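Visitor:
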Amino acid sequence: MNPAESPAPAAGPAVDPSGEHGAAPATVLNTVRWSDPLRWLRAGWRDLLRAPGIGLFYGACFTLMGWALLLVFRSSPAYVLALSGGFLLVGPFMCLGMYRVSQRLEDGEPPGFADSVLAWQARTGQLAIFGVVLLVLEMLWARATLVVFAVTFDGLPDFQGSLMALVSGENLVFLLVWLVLGALFATLIYSVSVVSMPMILHRRTDAISAGLTSMRLVLTQTPVMLFWGVCIATLVFLAMLPGFVGLLVVGPVLGHASWHAYRAAVRD
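Here the sequence shown stands for residues 0 to 267, where the numbers follow numbering that gives the first Met the number 0.
1) Can you list, in chain order, the residues of its chain with a C-beta nearer than 6 Å to that of W39? Leave out the 5 residues immediately preceding and following it.
2) Any contact between the stretch 125-134 and the stretch 176-195? By contact I mean 3 or more CB pairs, one from each, below 8 Å.
3) If you draw a straight line from the alpha carbon of F61 to that of L246, how long is it in whole angstroms?
4) Between which residues of its own chain and G21 is the CB-CB distance below 7 Å, once the five residues before and five after are set aside?
5) What's the C-alpha gap between T123 and P110?
6) Spatial neighbours of A143 within its chain, please: CB distance less than 8 Å, with the 5 preceding and 5 following residues excluded, ordered by chain position.
7) Could you say which of F173, L126, A113 lies nearest to V146 if we only look at CA atoms?
8) Which class does V244 belong to by DSSP, given the choice of helix, strand or coil?
9) Could you check what DSSP says for V194 in three-state terms: helix, strand or coil?
10) Is L216 closer than 8 Å to A264 when the C-beta atoms are compared?
11) In whole angstroms, what separates the C-alpha of L48 from that of L136?
12) Leaving out five residues before and five after L104 in sequence, what residues of the same chain have Cβ atoms less than 8 Å from its Cβ?
13) From P36 to G210, what does the alpha carbon distance come to, in whole angstroms?
14) Exposed or buried, which one is A42 when buried takes at least 16 other CB atoms within 10 Å?
15) What's the C-alpha gap between L218 and M196?
16) Taking DSSP's pairing of strands, which residues face V265 in a bridge?
17) At the level of alpha carbons, what is the spacing between G228 and L178?
18) If you drop the 5 nearest sequence neighbours on each side, which residues of the same chain put their C-beta closer than 7 Å to that of W66?
19) What are the boundary residues of the alpha helix (DSSP H) that G111 is part of?
20) By alpha-carbon positions, which one of V176, S101, I128, A59 ends up nearest to F148?
21) Just how far apart, CA to CA, sit A23 and R202?
22) Tell me the residue span of the alpha helix (DSSP H) that contains S34.
23) Pick helix, strand or coil for T151, following the three-state DSSP scheme.
24) Quick check: what's the CA-CA separation for P251 versus D114?
25) Rounded to a whole number of angstroms, what is the C-alpha to C-alpha distance between M138 and M239?
26) Count the other CB atoms, across all protein chains shown, that sit within 10 Å of the CB of A127; report buried if there are 16 or more and exposed otherwise.
27) Of the choices A59, D106, G107, whose alpha-carbon is the least far from that of C94?
28) Around the Cβ of V249, are there at least 16 other Cβ atoms within 10 angstroms (buried) or fewer (exposed)?
Written as structure tokens, this is what we have:
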């Protein structure tokens, strides 16, 4: 990252325990500005152009995941909820490869496909711990949503019937509860993971410290980080509209941009 573009540091440092073999230097958060999310997206686009083959590979994986979800919806609608939660869990781990590419480009090294695919091997243990945390949150979200469906529709959800029922005014209360519940869990997962995985990959930080640093960033700089979350959600939603084809480009751009968000927000 160009030093001239680096955000101004925060007023004072905040300390997180980090490292796997004892205390490490304090983790200091930089102050992010409203214009930074757009700068991160531009940097993500540049990284995609510098390594298009690798980026399009991951974009194709995201698109195939979307197509698989559509096929399941047509054949077994009741399983869509569980699988969509699983895809939300797989997505951040797929971004590890793009984090590695951006890291290599930042260091002035040529990125490699094998290096990106095997990036997880550098921090297997801590990434596994963080994956368990995300899995628990996803399971709680899915279970809570199933309970809302079951209470509202007198049984386990049938997505075809439920989606048709959503358009009727008599289910307005259900729709509001469902949206609020989803917003709460989505915000929690976003807060825990917005910079955690690139941080684990980049430095010798344990999963808990990375998650706490991510939450501290969102809690102390909430407006800008919520704006970044809205940018991510909006781009993903728009990319899904033409049969998930937009994820071919939007997926890798967001992956690379997330690396730049971490590098801008968390000081070395």
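Backbone N, C-alpha and C fix where the C-beta goes; we use that ideal spot for every residue, glycine too. All values reported here derive from a predicted model rather than from experimental measurement.
Guide: Taking the structure as given:
1) The residue you call residue 39 lines up with position 40 of the sequence shown. Closer than 6 Å at Cβ, skipping near neighbours: A256, H259, A260.
2) Yes, since at least three Cβ pairs between the stretch 125-134 and the stretch 176-195 fall closer than 8 Å, the two stretches touch.
3) Residue mapping note: residue 61 aligns to position 62 of the sequence shown, counting from 1. Residue mapping note: residue 246 aligns to position 247 of the sequence shown, counting from 1. Between F61 and L246, the C-alpha separation is close to 6 Å.
4) On the sequence shown, position 22 is the one that residue 21 refers to. Residue confidence for G21 is low, a pLDDT of 44 falling below 50, so the modelled location carries little weight; the figure read from the coordinates is stated next. Excluding sequence neighbours, G21 sits near nothing in its chain.
5) Numbered from 1 along the sequence shown, position 124 holds the residue referred to as residue 123. Numbered from 1 along the sequence shown, position 111 holds the residue referred to as residue 110. Distance between the alpha carbons of T123 and P110 is about 20 Å.
6) Position 144 of the sequence shown, counted from the start, is the residue given in the question as residue 143. Cβ within range, chain order: L180, F184.
7) Residue numbering aside, residue 146 sits at position 147 when the sequence shown is read from its first letter. Put simply, of F173, L126, A113 the residue whose alpha carbon is nearest the alpha carbon of V146 is F173.
8) Along the sequence shown, read from residue 1 onward, the residue named residue 244 stands at position 245. DSSP places V244 in coil when its eight states are reduced to three.
9) The residue labelled residue 194 in the question sits at position 195 within the sequence shown. Reduced to three states, the DSSP call for V194 is coil.
10) Translated into positions along the sequence shown, residue 264 becomes position 265. Translated into positions along the sequence shown, residue 216 becomes position 217. Annotated as proximal: A264 and L216, with beta-carbon spacing under 8 Å.
11) Working through the sequence shown from its first residue, we reach residue 48 at position 49. Working through the sequence shown from its first residue, we reach residue 136 at position 137. Whole-angstrom Cα-Cα distance: 34 Å.
12) By 1-based counting over the sequence shown, the position of residue 104 is 105. If we look at L104 and ignore the five residues flanking it on each side, its Cβ neighbours are D46, R49, A50, P110.
13) For the purposes of this step, residue 36 is identified with residue 37 of the sequence shown, where counting begins at 1. For the purposes of this step, residue 210 is identified with residue 211 of the sequence shown, where counting begins at 1. So the two alpha carbons sit approximately 20 Å from each other.
14) As a position in the sequence shown, residue 42 is number 43, starting the count at 1. A42 comes out buried.
15) Along the sequence shown, one-based indexing puts residue 218 at 219. Along the sequence shown, one-based indexing puts residue 196 at 197. Distance between the alpha carbons of L218 and M196: 18 Å.
16) As a first step, residue 265 is located in the sequence shown; it is residue number 266 there, counting from the start. Looking at the DSSP assignment, V265 forms a beta bridge with L28.
17) As a working mapping, residue 228 is identified with position 229 in the sequence shown. As a working mapping, residue 178 is identified with position 179 in the sequence shown. Going by the C-alpha atoms only, they are around 16 Å apart.
18) Position 67 of the sequence shown, counted from the first residue, corresponds to residue 66. Apart from sequence neighbours up to five positions away, the residues of its chain that approach W66 with a beta-carbon distance below 7 Å are F243, ordered along the chain.
19) Position 112 of the sequence shown, counting from 1, holds the residue named residue 111. That residue, G111, is in no alpha helix (DSSP H); it is neither H nor E in DSSP.
20) What you label residue 148 is simply residue 149 of the sequence shown in a count that begins at 1. Among V176, S101, I128, A59, the Cα nearest to that of F148 belongs to V176.
21) As a first step, residue 23 is located in the sequence shown; it is residue number 24 there, counting from the start. As a first step, residue 202 is located in the sequence shown; it is residue number 203 there, counting from the start. For A23, the predicted model reports a pLDDT of 49, less than 50, meaning its position is unreliable; a value from the coordinates is still stated below. Each residue's Cα considered, the two are about 10 Å apart.
22) Within the sequence shown, the letter at position 35 stands for residue 34. Counting along the chain, S34 falls outside any alpha helix (DSSP H), and DSSP gives it neither H nor E.
23) As a first step, residue 151 is located in the sequence shown; it is residue number 152 there, counting from the start. Here T151 sits in helix by DSSP.
24) To locate residue 251, count along the sequence shown from 1; it is residue 252. To locate residue 114, count along the sequence shown from 1; it is residue 115. P251 and D114 have their alpha carbons spaced roughly 16 Å apart.
25) Locating residue 138 in the sequence shown gives position 139, counting from the first residue. Locating residue 239 in the sequence shown gives position 240, counting from the first residue. Going from the Cα of M138 to the Cα of M239 covers about 23 Å.
26) Against the sequence shown, residue 127 aligns to sequence position 128. Burial call: exposed.
27) Here residue 94 corresponds to residue number 95 of the sequence shown, with the count starting at 1. Per the Cα distances, A59.
28) The residue given as residue 249 occupies position 250 in the sequence shown. Flag for V249 reads buried.
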